[in-house]
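Engineer: Numbering (my numbering), first residue to last: 287 to 392. The C-beta atom is built at its ideal place from N, Cα and C for all residues, glycine as well. Before we start, here is the structure in question, set down as C-alpha cells.
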Ligand code: TYC
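Written out as C-alpha cells, the structure is:
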C-alpha cells in the first residue's frame with residue numbers, strides 16, 4: 287500500500303549538475319548548390335523569397351554559389367532548416383529548374 291513513508295511514485299527533483307552546462311540545440315546551414323541550368327535571376331528570387339534577403343545580398347550569395355559551387359543561405363534550427371529545404375526544392379521543381387538546396391549541421 288502506498289503511504290507517505292512508502293510511496294509508489296518517486297518524483298526526482300530537477301537539479302542541474304554543477305559540472306553540466308545545457309547545450310544549445312544544434313544549428314543547420316541551409317545551402318544552395320550550383321548547377322549549369324537554373325537561371326541566375328531565379329536563384330536571386332529564391333534567396334529573396336525564402337531567406338528574406340534584399341536584392342543586393344541575394345545577388346552576392348547567388349554569385350558566390352555560381353563561382354564556388356555552394357553558398358550558405360542561412361543558419362537555422364533543424365526543423366526550420368528542413369522546411370526551407372523542402373519549400374525551395376518544391377518551388378524549383380514547380381518552375382522546372384534543377385536547383386539543389388541542402389542542409390548540414392553548422
Ligand atoms: N550557374 C547558374 C547559371 O550560370 C546560376 C546558378 C547560381 C545556379 C546559383 C544555381 O545555386 C545556383 N545560370
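For residue 333, which residues of its own chain have a beta-carbon under 7 Å away from its beta-carbon, when the five flanking residues on both sides are left out?
Structural biologist: For the purposes of this step, residue 333 is taken as residue 47 along the chain shown, with counting starting at 1. Once the five neighbours on either side are set aside, the close Cβ partners of residue 333 are 339, 344, 347, 348, 359.
Engineer: Return the chain-ordered list of same chain residues with a C-beta closer than 6 Å to the C-beta of residue 321, the five sequence neighbours on each side being excluded.
Structural biologist: Within the chain shown, the letter at position 35 stands for residue 321. The residues are 384.
Engineer: Quick one: give me the first and last residue of the alpha helix (DSSP H) that residue 373 is part of.
Structural biologist: On the chain shown, position 87 is the one that residue 373 refers to. Taken as a continuous stretch (DSSP letters only), the alpha helix (DSSP H) holding residue 373 covers 364-380.
Engineer: By Cβ distance below 6 Å, which residues in the same chain neighbour residue 390 in space, the five residues on each side in sequence not counted?
Structural biologist: Along the chain shown, one-based indexing puts residue 390 at 104. Excluding sequence neighbours, residue 390 sits near 315.
Engineer: Closer than 8 Å: is that where the CB of residue 348 sits relative to any heavy atom of the ligand TYC?
Structural biologist: Mapped onto the chain shown, residue 348 falls at position 62. Checking the Cβ of residue 348 against the ligand TYC gives yes.
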